[in-house]
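The C-terminal position of the sequence shown is numbered 287 in the working numbering, with every residue numbered one higher than the one before it.
By construction, the Cβ of each residue, glycine as well, lies at the ideal position given by its N, Cα and C atoms.
Here the structure is a predicted model, which means the values were calculated and not measured.
Data block below; observations after.
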Amino acid sequence: MTELYYFALSFFVYGFLGWCTEVAYAAAKQGKFVNRGFLNGPICPVYGIGVGVVVQFLTPVENNLVLLYISSTILVTVIEGITGFLLEKIFHNKWWDYSEQPLNIGGYVCVLFSLIWGVFCVLIVKIIHPLIYKVLTMIPLVLGIVVMACLVVGLLADLYVTASGILKMNRRLEAMEKIAAELKELSDKVGENIYENVMEGMEFREEKKARIEELKAKYEEMAENRTKVGERLVKAFPKMQVGQHKEIFEEVRERIKRSK
Numbered sequence: 028m029t030e031l032y033y034f035a036l037s038f039f040v041y042g043f044l045g046w047c048t049e050v051a052y053a054a055a056k057q058g059k060f061v062n063r064g065f066l067n068g069p070i071c072p073v074y075g076i077g078v079g080v081v082v083q084f085l086t087p088v089e090n091n092l093v094l095l096y097i098s099s100t101i102l103v104t105v106i107e108g109i110t111g112f113l114l115e116k117i118f119h120n121k122w123w124d125y126s127e128q129p130l131n132i133g134g135y136v137c138v139l140f141s142l143i144w145g146v147f148c149v150l151i152v153k154i155i156h157p158l159i160y161k162v163l164t165m166i167p168l169v170l171g172i173v174v175m176a177c178l179v180v181g182l183l184a185d186l187y188v189t190a191s192g193i194l195k196m197n198r199r200l201e202a203m204e205k206i207a208a209e210l211k212e213l214s215d216k217v218g219e220n221i222y223e224n225v226m227e228g229m230e231f232r233e234e235k236k237a238r239i240e241e242l243k244a245k246y247e248e249m250a251e252n253r254t255k256v257g258e259r260l261v262k263a264f265p266k267m268q269v270g271q272h273k274e275i276f277e278e279v280r281e282r283i284k285r286s287k
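Below you can see the structure in the form of structure tokens.
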């Protein structure tokens, strides 16, 4: 029970530190603040789980640096790969893509980056975690449980809001694609009708003009009035790919870039 308690606390600590790392990297690269987390709050669960698992299972072999490094590299690779795969299957979006990097596995993981993370994990197990663990043990048990309970509630609420936002974004992309398809169909019909009979074609065009304008206005409104969660995720994951509605998504992504 005690191990589970400290694992849970470590999850939030390393999740927060991971979020700080991602934000600092993005700030150095883009020159501005970007919330690089999957969730809205300042936490990256994949870091919390990854580092937590490494610390939990590999502390017994911390004195064998070679085994510690190899095991850490394998663990973080597996965790990142499973996380990326599950997120894609659940939300039908690929949040990061290493396909352009050498030694990548399905675009979900990059072996070169995993080797670097292996080094960081060794430093965490040997130097950083003992200090963090010492601080965590200084927190009164009751206070720690209360704080952890509040963090769990906040995490679950954040997860719900994020998941709802992603699903809403996917539905909006689907609706925009249907509108685009209907606009194309109407345009084709107008052209065909004009070609076959000029006078009737003019009448047909007037009949459909209102519908075309209505669809264009609706499409523009949906493209501009984006969900906050969806827009944040597009900014946070610049290499994100969608399983469906790819052309529409790329147009929305470009609009978001221009709005910066």
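query                                                                                    : result
Residue range of the alpha helix (DSSP H) that includes C148                             : 138-150
Length-filtered (4 minimum) alpha helix (DSSP H) runs lying within the region 256-286    : 273-285
Rounded straight-line distance, which links the Cα of F118 to that of V279               : 18 angstroms
Residue span of the alpha helix (DSSP H) that contains C47, given as start and end       : 29-57
Run of the alpha helix (DSSP H) containing P324, from where it starts to where it stops  : The first residue shown for the chain is 28 and the last is 287, placing residue 324 beyond what the model contains.
Spatial distance of V174 from L31 (CA atoms)                                             : 15 angstroms
Beta-bridge pairing of I132 - partner residues as DSSP gives them                        : V136
DSSP-derived helix/strand/coil call for N120                                             : strand
Three-pair Cβ contact test at 8 angstroms for the region 77-85 versus the region 127-135 : no
Contact under 8 angstroms by Cβ, M249 with M203                                          : yes
Pairwise C-alpha distance: E212 and F39                                                  : 52 angstroms
Secondary structure of N62, DSSP reduced to three states                                 : coil
Length of the line joining the Cα atoms of F43 and C137                                  : 23 angstroms
Neighbour-count burial assignment, K10, 16 or more Cβ in a 10 Å radius                   : Nothing about residue 10 can be read from this structure; the chain reaches only from 28 to 287.
Check whether I151 and V78 have beta carbons under 8 angstroms apart                     : yes
Reference I109; option with closest CA among Q128, I76, S98                              : I76
Alpha carbon of V225 to alpha carbon of K245, nearest angstrom                           : Any answer about V225 is weak, because its pLDDT of 48 lies below 50 and its placement is not dependable; what the coordinates show is given next. The straight-line gap from Cα to Cα measures roughly 29 angstroms.
CA-to-CA distance, R259 to L168, given in whole angstroms                                : 36 angstroms
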